[in-house]
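Since the structure comes first, as structure tokens, the remarks are kept for the end.
There are 2 protein chains.
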Amino acid sequence: MMGDQHIASAFDRDLEAIQALVMKMGGLVEEAIRTGSKSLKSRDVELAEQVRKGDRKIDELEEQINTQCATVLALRQPAARDLRTVLSVMKIAGNLERIGDYSKNIAKRTEVLVHMQPIEGTSSALKRMSREVEAMLADALDAFMRRDPVAADEIRHRDLDVDQMYNALFREFLTFMMEDPRNISACMHLHFIAKNIERMGDHVTSIADQVIYLATGEMPEDQRPKSNTEIYQIEGGDGTDEADE
Amino acid sequence: MMGDQHIASAFDRDLEAIQALVMKMGGLVEEAIRTGSKSLKSRDVELAEQVRKGDRKIDELEEQINTQCATVLALRQPAARDLRTVLSVMKIAGNLERIGDYSKNIAKRTEVLVHMQPIEGTSSALKRMSREVEAMLADALDAFMRRDPVAADEIRHRDLDVDQMYNALFREFLTFMMEDPRNISACMHLHFIAKNIERMGDHVTSIADQVIYLATGEMPEDQRPKSNTEIYQIEGGDGTDEADE
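Here the protein sequences come in this chain order: P and Y.
Residue numbering for the first sequence follows numbering that gives the first Met the number 0, beginning at 0 and increasing consecutively.
Residue numbering for the second sequence follows numbering that gives the first Met the number 0, beginning at 0 and increasing consecutively.
Below is the structure:
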């Protein structure tokens with residue numbers, strides 16, 4: 000019995016260290032979202048470059064987390080529940096890494112957009128959207144640390160608002176493009192930025208799913224609430240892709 | 000020694016069974032790419048629906064692979080190299096699942112596009128592009144089974160052609176949109192389809208990276224060859240996002 004206890008607490012210590020890395024990574028990703036959105040709004044190339052370069056640190060943290068998880072698997076050989084926990088943590092790190100990549104993409108497009116005519120009003124709408132995703136991420140990481148399935152479930156529903164913001168923006172971009180062909184190039188980039196933010200929301204939702212799994216042992220039944228099926232069919236609505244869920 | 004041998008071969012048997020599932024999954028994903036591209040070209044809603052519905056089977060296979068991998072980790076407690084192999088296989092299954100999702104997205108957009116005026120020539124270009132990605136995937140799975148790092152490295156370089164096809168299409172779409180605003184809506188969807196295919200190529204590249212890792216114990220130094228940095232800066236070129244690498 001003593002032996003068992005010892006093994007269990009060694010695993011717990013390892014897991015705690017890994018979770019600390021996840022939180023550190025999450026903090027950097029939150030900052031990337033915030034700084035990326037700010038650089039877009041203020042057309043600040045230096046800020047954008049900062050986000051682009053900062054992504055390397057995020058990637059490194061993911062690698063570190065994966066290495067430590069592999070070490071824990073090999074050394075502690077956790078069974079059942081503990082094994083699931085390690086695999087979940089790796090998935091969450093993967094989601095964070097991809098959100099970081101989206102921020103980097105937004106920064107790259109910002110660097111292109113500063114050379115084009117600004118499109119009235121759209122960067123404020125994009126900022127609102129990314130602020131919501133950033134808040135969702137902060138809450139998801141909080142729910143992760145507390146293993147709180149109720150908070151996680153709430154986040155999943157908030158993603159529907161993000162999807163709606165995206166759909167509204169998609170229609171707006173179409174209008175701008177039709178009004179004046181000179182807007183087309185900029186709108187294509189802005190549209191991709193909107194899509195990237197929408198996908199960040201999907202990844203935050205996946206993190207929330209993992210939190211529910213960690214807390215209850217089961218994935219949420221519907222995986223995630225969907226609002227997209229109908230919107231997809233409406234001319235002018237773009238719907239929500241699922242490639243990144 | 001006998002005991003060791005026994006454990007190793009039990010692991011090998013388990014791994015073989017999992018690899019068979021990966022190959023089955025890969026076959027379905029190849030078919031999804033092929034059928035999706037065909038439905039787009041022939042504006043065939045029934046075929047598109049078939050792709051959409053078929054994605055469920057692909058998702059189920061990924062879940063099955065993950066479950067079996069978790070079981071192997073718990074039961075066989077593989078160390079070092081074997082552990083890395085299991086984690087790599089899980090990553091490859093993840094890449095396949097996402098390629099399947101992109102096919103599903105393309106099918107969804109096809110169902111919207113049939114209600115719009117076709118854009119001359121673009122569906123042939125998209126078909127060429129997706130045929131290349133499909134061939135790359137077939138070769139990547141083959142390289143995976145043979146643990147062939149040379150074949151895998153060749154695939155990574157072919158992805159540059161896919162990126163170039165995407166960039167050419169991006170410019171074409173811009174031209175069509177500027178020529179006639181009535182093309183805008185359809186071009187936005189076609190552009191996303193092109194982007195989805197380009198991202199499929201990135202996932203095939205990730206599979207090739209894993210094959211190199213499995214065969215040599217090291218990830219390719221540059222992770223992947225890049226051609227995008229300059230193109231990104233050219234007005235009219237869209238560059239290559241990295242969110243899905």
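Think of the CB as a built atom: it goes at the ideal place given N, C-alpha and C, for glycine as much as any other residue.
Computed from a prediction, not measured in an experiment: that's the story for all the values here.
Report the neighbours of residue i on chain P: residues whose CB is nearer than 8 Å to its CB, in chain order.
i             : result
serine 205(Y) : Chain P residues near serine 205(Y): none, gap ~12 Å exceeds 8 Å.
alanine 79(Y) : Ala73
Compare the C-alpha of residue i against each of the options and name the closest.
i                 : options                                       : result
asparagine 104(P) : Lys194(P), Ile211(P) and Gln63(P)             : Lys194(P)
isoleucine 57(P)  : Val44(P), Gln67(P) and Asn94(P)               : Asn94(P)
alanine 137(P)    : Ile206(P), Glu48(P) and Phe10(P)              : Ile206(P)
alanine 167(Y)    : Arg155(Y), Ala79(Y), Met128(Y) and Val111(Y)  : Met128(Y)
leucine 112(Y)    : Arg42(Y), Leu86(Y), Asp81(Y) and Gly120(Y)    : Arg42(Y)
aspartate 158(Y)  : Ile118(Y), Phe143(Y), Ala139(Y) and Arg145(Y) : Ala139(Y)
alanine 185(Y)    : Leu125(Y), Met115(Y) and Arg146(Y)            : Met115(Y)
glutamate 29(P)   : Val132(P), Ser8(P), Asp81(P) and Ala69(P)     : Val132(P)
alanine 69(P)     : Arg75(Y), Ala69(Y) and Ala79(Y)               : Ala79(Y)
threonine 174(Y)  : Asn182(P), Arg170(P), Ile192(P) and Glu171(P) : Asn182(P)
glutamine 49(Y)   : Ile64(Y), Phe143(Y), Asp208(Y) and Ile32(Y)   : Ile32(Y)
threonine 66(P)   : Asn65(Y), Asp208(Y), Gln163(Y) and Leu86(Y)   : Leu86(Y)
proline 117(P)    : Ala134(P), Pro219(P), His188(P) and Ala16(P)  : His188(P)
alanine 124(Y)    : Ala16(Y), His190(Y), Met218(Y) and Glu220(Y)  : His190(Y)
methionine 218(P) : Pro180(P), Leu39(P) and Pro148(P)             : Pro148(P)
glycine 120(Y)    : Met135(Y), Phe143(Y) and Leu39(Y)             : Leu39(Y)
tyrosine 165(Y)   : Glu62(Y), Phe143(Y) and Lys126(Y)             : Lys126(Y)
Less than 8 Å between the CB atoms is what I'm expecting for residue i and residue j, so what's the real figure, rounded?
i                 : j                   : result
isoleucine 211(Y) : alanine 151(Y)      : 5 Å
leucine 72(P)     : methionine 24(P)    : Actually they are not in contact, since the Cβ atoms of leucine 72(P) and methionine 24(P) sit about 19 Å apart, beyond 8 Å.
lysine 52(Y)      : leucine 46(Y)       : Wrong, their Cβ atoms sit about 11 Å apart, outside the cutoff.
arginine 83(P)    : phenylalanine 10(P) : At roughly 13 Å, the Cβ-Cβ gap does not stay under 8 Å, so arginine 83(P) and phenylalanine 10(P) are not in contact.
arginine 146(Y)   : leucine 213(Y)      : 6 Å
isoleucine 91(P)  : glutamine 209(P)    : 5 Å
arginine 198(Y)   : tyrosine 101(Y)     : 6 Å
valine 44(P)      : glutamate 110(P)    : 6 Å
methionine 176(P) : isoleucine 154(P)   : Wrong, their Cβ atoms sit about 33 Å apart, outside the cutoff.
Buried or exposed for residue i, going by 16 or more other Cβ atoms inside 10 Å?
i                : result
lysine 107(Y)    : buried
aspartate 201(P) : buried
proline 77(Y)    : buried
histidine 156(P) : exposed
glutamate 178(P) : exposed
threonine 204(P) : buried
aspartate 13(P)  : buried
arginine 55(P)   : exposed
glutamate 96(P)  : buried
glycine 216(P)   : exposed
glycine 99(Y)    : buried
valine 21(P)     : buried
alanine 19(Y)    : exposed
glycine 35(P)    : buried
serine 8(Y)      : exposed
alanine 16(Y)    : exposed
glutamine 232(P) : With a pLDDT of 38 at glutamine 232(P), under the threshold of 50, the predicted position of this residue should be treated as unreliable, though the coordinate-derived value follows. Exposed: under 16 other Cβ atoms inside 10 Å.
Please compile the residues from chain Y whose C-beta is within a distance smaller than 7 Å of the C-beta of residue i.
i                 : result
isoleucine 183(P) : Leu173, Met176 and Met177
glutamine 246(P)  : The structure shown has nothing for residue 246(P), since chain P only spans 0 to 244.
Under 8 Å Cβ-Cβ, which residues of chain Y neighbour residue i?
i              : result
leucine 82(P)  : Ala69, Leu72 and Ala73
proline 180(P) : Met176, Met177 and Pro180
Going by the C-beta, is residue i closer than 7 Å to any heavy atom of the ligand FMN?
i               : result
arginine 157(Y) : As presented, the structure is devoid of all ligands, the ligand FMN included, so that no description of it is given.
Using a C-beta to C-beta distance shorter than 7 Å, which residues of chain P count as neighbours of residue i?
i              : result
leucine 125(Y) : Result: empty, since nearest Cβ-Cβ is about 16 Å, beyond 7 Å.
leucine 86(Y)  : Ala69
Can you check whether the C-beta of residue i is within less than 8 Å of a C-beta belonging to chain A?
i              : result
proline 219(P) : Note that chain A does not occur in the displayed structure, where the protein chains are P and Y.
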